[in-house]
Amino acid sequence: MNLSTKDILLFVKIILPSVICILSFILFKIDIGYHVLFFGIVIMLFNLRKAKYNYLISFISSIGISYLAFFISIGLYFGIGYILMQFIELDKLEEFSIYEYNFKNFLMLLPISIFSPILMFLFYKFLFKINKNKYTKTIILITIIALIIFGTIKKDFEDENVSAFWQFVMAIAIQLVLYENEISEFIKSKNTDYNNSYK
Numbered sequence: 001m002n003l004s005t006k007d008i009l010l011f012v013k014i015i016l017p018s019v020i021c022i023l024s025f026i027l028f029k030i031d032i033g034y035h036v037l038f039f040g041i042v043i044m045l046f047n048l049r050k051a052k053y054n055y056l057i058s059f060i061s062s063i064g065i066s067y068l069a070f071f072i073s074i075g076l077y078f079g080i081g082y083i084l085m086q087f088i089e090l091d092k093l094e095e096f097s098i099y100e101y102n103f104k105n106f107l108m109l110l111p112i113s114i115f116s117p118i119l120m121f122l123f124y125k126f127l128f129k130i131n132k133n134k135y136t137k138t139i140i141l142i143t144i145i146a147l148i149i150f151g152t153i154k155k156d157f158e159d160e161n162v163s164a165f166w167q168f169v170m171a172i173a174i175q176l177v178l179y180e181n182e183i184s185e186f187i188k189s190k191n192t193d194y195n196n197s198y199k
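Read in order, the letters of the sequence shown are residues 1 to 199 in the UniProt record's numbering.
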């Protein structure tokens, strides 16, 4: 299968943001807040032409979305934790465990693996055109499953590797959703080339 320059550029646009996010964790030992800022900048940098607004508004909005999803997810975590604490002591949450994975660990999965990905996609709908179809829903579902699996394996949620993996997965997921039409065209063109080669 021969790849044109256009095909290679499409691949780069989808993969490079996630690679840059990972490199930022490797190269810069900074507070997570700066990585949240960096994520918003990287996403917009690679998708300026897809934004609904001008450059300045788009960059500010992308950064705002990144922080908004981050803080709301944390707020929901503490909110759920507070409600549970009205009925059961926090220390006792660790007594409820399945295969060494206690309820307290499960609570941490909620903001990282479920709340924040959903919020991120919802908020970015205001900045980009995101289709409401089976493709988008599948990408979101796969993203959540991947984050849950990683979170289940990696129980130390304060480890920066968790944040790095989250940004890596989310960056790819967002790019896959935003470049749905281009990916569809790529697949169709390759199928056409394949069929023509056997005529």
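We treat Cβ as the ideally placed atom computed from N, Cα and C, and that holds for glycine.
Keep in mind that this is a model prediction, so the values were computed, not measured.
To which residues does DSSP link residue i through a beta bridge?
i: Ala51; result: Phe128
Report buried or exposed for residue i, applying the criterion of at least 16 other Cβ atoms within 10 angstroms of its Cβ.
i: Gly26; result: First, the residue type needs correcting, since residue 26 is Ile and not Gly in the sequence shown. It counts as exposed.
i: Phe61; result: In the sequence under discussion, the amino acid at residue 61 is Ser, which differs from the Phe named in the question. The residue in question, Ser61, is buried, as its Cβ has 16 or more Cβ neighbours within 10 Å.
i: Ser184; result: exposed
i: Tyr34; result: exposed
i: Leu122; result: exposed
i: Phe28; result: exposed
i: Leu23; result: exposed
i: Asn181; result: exposed
i: Val12; result: exposed
i: Ser189; result: exposed
i: Ile112; result: buried
i: Leu119; result: buried
i: Asn191; result: exposed
i: Asn161; result: exposed
i: Tyr55; result: exposed
Could you spell out where the alpha helix (DSSP H) holding residue i opens and where it closes?
i: Tyr34; result: 32-45
i: Ile114; result: Premise fails: Ile114 is in no alpha helix (DSSP H) and is neither H nor E.
i: Lys6; result: 5-27
i: Tyr135; result: 134-153
Roughly how many angstroms lie between the CA atoms of residue i and residue j, to the nearest whole one?
i: Ile14; j: Ile57; result: 23 Å
i: Val19; j: Lys132; result: 27 Å
i: Leu176; j: Lys137; result: 12 Å
i: Leu110; j: Ala173; result: 18 Å
i: Phe59; j: Thr152; result: 33 Å
i: Ile72; j: Ala146; result: 21 Å
i: Phe78; j: Ile8; result: 44 Å
i: Ile142; j: Met108; result: 19 Å
i: Ala51; j: Ile43; result: 11 Å
i: Gly64; j: Leu3; result: 37 Å
i: Tyr179; j: Ile148; result: 24 Å
i: Leu37; j: Ile30; result: 11 Å
i: Asn47; j: Phe186; result: 18 Å
i: Phe106; j: Arg49; result: 39 Å
i: Leu76; j: Tyr124; result: 19 Å
i: Ile74; j: Ile130; result: 25 Å
Going by beta carbon distance, what residues of the same chain come within less than 8 Å of residue i, once the five residues before and after it are set aside?
i: Tyr53; result: Ser61, Leu127
i: Phe39; result: Cys21, Ser66, Gln167, Met170, Ala171
Quick one: residues in its chain with C-beta nearer than 7 Å to the C-beta of residue i, no 5 flanking neighbours on either side, listed in chain order?
i: Ile139; result: Ala173, Leu176, Val177
i: Ile114; result: Ile144
i: Lys164; result: Checking the sequence shown, residue 164 turns out to be Ala, not Lys. Excluding positions up to five away in sequence, the list reads Ile22, Phe25.
i: Leu10; result: Tyr179, Glu182, Phe186
Under a CB-based cut-off of 8 Å, is residue i close to chain C?
i: Leu127; result: In the structure shown, chain C cannot be found, because there is only a single protein chain.
Sorted by chain position, which residues of the same chain lie with C-beta nearer than 6 Å to residue i's C-beta, five sequence neighbours on each side aside?
i: Ala171; result: Pro17, Ser18, Cys21
i: Tyr135; result: Glu180
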